[in-house]
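K.L.:
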Amino acid sequence: MFNSIPGFRGLLLLALSFTCINCRQHTSGKEDGDGAHLPDSAENIVKKVADNGEQAQPQLFPFGQELSSFHNSQTLRNEAGDCTTTLREFNRDSLRIVTDSTDCFDYGVHNQYFLFRKDSLEQVHIFEFYPQYDPAGEKLTYVATETVYSLARQPARTYVRSDTLAQPEPGEMKSAFESELIPDRDALLEDLRIQLASLEDPGEDPYGLNIEVYKDTDGGKADIYLYSNAWANPAWISQEPAMSPIPEEQYIAWEIPKAAAFAFNSWYAGGGYIYYGLIEGSEVMIYRRFVEETQPDEERFTLYKMISLDPQASTPSYYICYRDDRDKDRVLMIAISENGIALWAVYKGVEDQYILVEKTRETDTSGAVPLLENSYGAFSGNTLSGTFILTHSGNWDYAKFAPADKAEEQRFTINHEASTGEKGYSTKPCF
């Protein structure tokens, strides 16, 4: 096995999700059980091409093999917007075939097929098509491209052909392949293997990722935070009624990639979310899906959030000064970054600061003035001391602090006189 290498799958899916909102499925053609379009067998493709008086040069999926004789050892399925991606791994003796299908319906389908012998990548077959209407918007056709990388041959070659099809089937392509030598076989192999990193056993984690759970911080629920030796502060993942790590030997059964840096479930009272994290480039891509006891395979994993592994240090852009609603001698200052994220909080007369870690953002537009509410975990060293909820409405700011030890809740209101500067909030500390 080659080592897990940071890839771009999560970024590709996220980009596709931005363009695939409200897509409708109108493509036709052969489908597998998950609705992803697969090309004809190699035998049918060769026959159709031969019927057209042409000779098939490269070897196409399933590469002269009978896929039914292989064992389906792993299946991974993700969704983002209206795009679905399904990876399957098949093994037999020293051979391994991987199918990788991303279907974005109106925005096209991208299928890739990989043939390995032992750990050596020998063949890659790519078939992609994009639907388009004629200028009058009446006739639908498909612009298709087929690419084959023949890597076992020396020298390695690439074969490419394009065509416009009435139906999105590779066997319908009538154009001839154009072939050329691959100038840098090693670079191409590295790029292709990056795409399959999620199927591989995890390599050494250079970031030291680990999960910490702080229980009973809000109504009996647990706050789940991700720590890394690359960060000064943790990152909040979610709040759940329960949390249990998932052992690596159970990853395949739950369709969790072998390369996942962590995985856990929030199973409680017959259902819950399953989470896993993949290191992809400079990001931790966190996926989740909801599982019900009665319908365990109903939903697929979707991209839940992305956390940078290289966060940029933020400095305060302005400060908000608060007074306690019941104790006017208790004064609170919160530092805010340029993009409006609270960084730390400190009480007047107290030396230690609370480091604030953003949890959620909510906006309520039902009233005459929008109400913005952000919640933060308040850390003193490595200890979660409580939760700050900051609210903004019109010219008013409010803060609420709920201590983790269940002590009395504190409520604050902005001190306009101390918080106002020449251009809005004060750029000078309150004290």
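Anchor point for the sequence shown: position 259 equals 259 in full-length UniProt numbering, and the numbering is continuous, going up by one each time. The beta-carbon is built from N, C-alpha and C at its ideal position, and this holds for glycine as well.
Taking the DSSP output, what are the residues bridged to isoleucine 274?
P.N.:
Asn265, Arg289, per the DSSP bridge assignment.
K.L.:
In whole angstroms, give me the CA-to-CA distance for serine 366 and leucine 372.
P.N.:
Going from the Cα of serine 366 to the Cα of leucine 372 covers about 11 angstroms.
K.L.:
In chain order, what are the residue ranges of uninterrupted beta strand (DSSP E) at least 3 long that sit wholly in the segment 316-360?
P.N.:
Whole beta strand (DSSP E) segments, 3+ residues: 318-324, 331-336, 342-347.
K.L.:
Determine the contact status of leucine 209 and alanine 261, defining contact as a CB-CB distance below 9 angstroms.
P.N.:
Closer than 9 angstroms, so yes.
K.L.:
For isoleucine 336, which residues of its own chain have a beta-carbon under 8 angstroms away from its beta-carbon, when the five flanking residues on both sides are left out?
P.N.:
Counting only Cβ-Cβ distances below 8 angstroms, and skipping sequence neighbours, we find Pro316, Ser317, Tyr318, Tyr319, Ile320, Ala342, Leu343, Tyr425.
K.L.:
Could you check whether lysine 221 and glutamine 239 sit closer than 9 angstroms to each other, using their CB atoms as the reference points?
P.N.:
Yes; because the gap between Cβ atoms is below 9 angstroms, this pair is in contact.
K.L.:
Got a sec: is the Cβ-Cβ distance from leucine 189 to anything in chain B below 9 angstroms?
P.N.:
Protein chains in the displayed structure number just one, and chain B is not present.
K.L.:
Assign lysine 328 to buried or exposed, taking buried as 16 or more other Cβ atoms, counted over all protein chains shown, within 10 Å of its Cβ.
P.N.:
Exposed, because fewer than 16 other Cβ atoms sit within 10 Å of the Cβ of lysine 328.
K.L.:
Could you tell me which residues DSSP puts in a beta bridge with histidine 110?
P.N.:
In the DSSP output, where bridge partners are listed per residue, histidine 110 has Thr102, Glu128.
K.L.:
So, at 7 angstroms on beta carbons, what are the nonlocal neighbours of glutamate 417 in its own chain, with the 5 sequence-adjacent residues on each side left out?
P.N.:
For glutamate 417, where only same-chain residues beyond five positions count, there are no Cβ hits under 7 angstroms.
K.L.:
If you draw a straight line from the C-alpha of glutamate 190 to the C-alpha of lysine 400, how long is it?
P.N.:
The alpha-carbon atoms of glutamate 190 and lysine 400 are separated by roughly 51 angstroms.
K.L.:
Start and end of the alpha helix (DSSP H) containing isoleucine 194?
P.N.:
Run containing isoleucine 194: 185-195, per the alpha helix (DSSP H) assignment.
K.L.:
Give me the DSSP bridge partner(s) of residue 434.
P.N.:
There is simply no residue 434 to check, as the chain begins at 1 and stops at 431 in what is shown.
K.L.:
May I ask you to verify whether the segment 282-296 touches the segment 379-393, counting CB pairs closer than 8 angstroms and requiring at least 3?
P.N.:
The answer is no - the segment 379-393 does not touch the segment 282-296, with fewer than three Cβ pairs under 8 angstroms.
K.L.:
Just mark glutamine 410 as buried or exposed, buried being the case when its beta carbon has 16 or more other beta carbons within 10 Å.
P.N.:
Glutamine 410 is buried by the Cβ-count criterion.
K.L.:
Skipping 5 residues on each side, what residues in its chain have a beta carbon closer than 8 angstroms to that of residue 432?
P.N.:
Examination of residue 432 is not possible in this model, given that the chain is present from 1 through 431 alone.
K.L.:
Just reading off the alpha helix (DSSP H) that serine 419 is part of, what are its end residues?
P.N.:
Where serine 419 is concerned, the enclosing alpha helix (DSSP H) stretches over 416-419.
K.L.:
Please name the residue in Gln167, Ala166, Ser198, Ile224 whose C-alpha comes closest to that of glutamate 358.
P.N.:
Nearest C-alpha to glutamate 358: Ile224.
K.L.:
Near asparagine 91, what residues of its chain come up, given a Cβ to Cβ distance below 7 angstroms and the 5 sequence neighbours on each side ignored?
P.N.:
These residues qualify, in order along the chain: Phe70, His71, Ser73.
K.L.:
State the Cα-Cα distance for the pair isoleucine 256 and tyrosine 276, rounded to the nearest angstrom.
P.N.:
So the alpha carbons of these two residues sit roughly 7 angstroms apart.
K.L.:
Please state whether the Cβ-Cβ distance between arginine 193 and alanine 152 is less than 9 angstroms.
P.N.:
No, the pair does not count as a contact, with Cβ atoms beyond the cut-off.
K.L.:
Quick check: what's the CA-CA separation for aspartate 197 versus tryptophan 396?
P.N.:
At residue 197 the sequence reads alanine, which differs from the aspartate that was named. Taking the straight line joining both Cα atoms gives about 49 angstroms.
K.L.:
May I have the straight-line CA-CA distance separating alanine 402 from alanine 345, to the nearest angstrom?
P.N.:
One C-alpha to the other measures close to 13 angstroms.
K.L.:
Determine the DSSP secondary structure at cysteine 430, reduced to helix, strand or coil.
P.N.:
Of the three classes helix, strand and coil, the one that applies to cysteine 430 here is coil, per DSSP.
K.L.:
Applying the criterion that 16 or more other CB atoms from any shown protein chain within 10 Å of the CB defines a buried residue, is threonine 413 buried or exposed?
P.N.:
Burial call: exposed.
K.L.:
Whole angstroms are fine: how far does the CA of alanine 259 sit from the CA of glutamate 200?
P.N.:
Glutamate 200 and alanine 259: Cα-Cα distance of roughly 6 angstroms.
K.L.:
Cutting at 8 angstroms between CB atoms, please list the residues of its own chain near glutamate 299, excluding the five before and the five after it.
P.N.:
For glutamate 299, where only same-chain residues beyond five positions count, the Cβ hits under 8 angstroms are Arg289, Phe290, Val291.
K.L.:
Which word fits glutamate 322, buried or exposed, when buried means at least 16 other C-beta atoms lie within 10 angstroms of its C-beta?
P.N.:
Looking at the sequence itself, residue 322 is tyrosine, so the reference to glutamate does not match. Under this definition tyrosine 322 is a buried residue.
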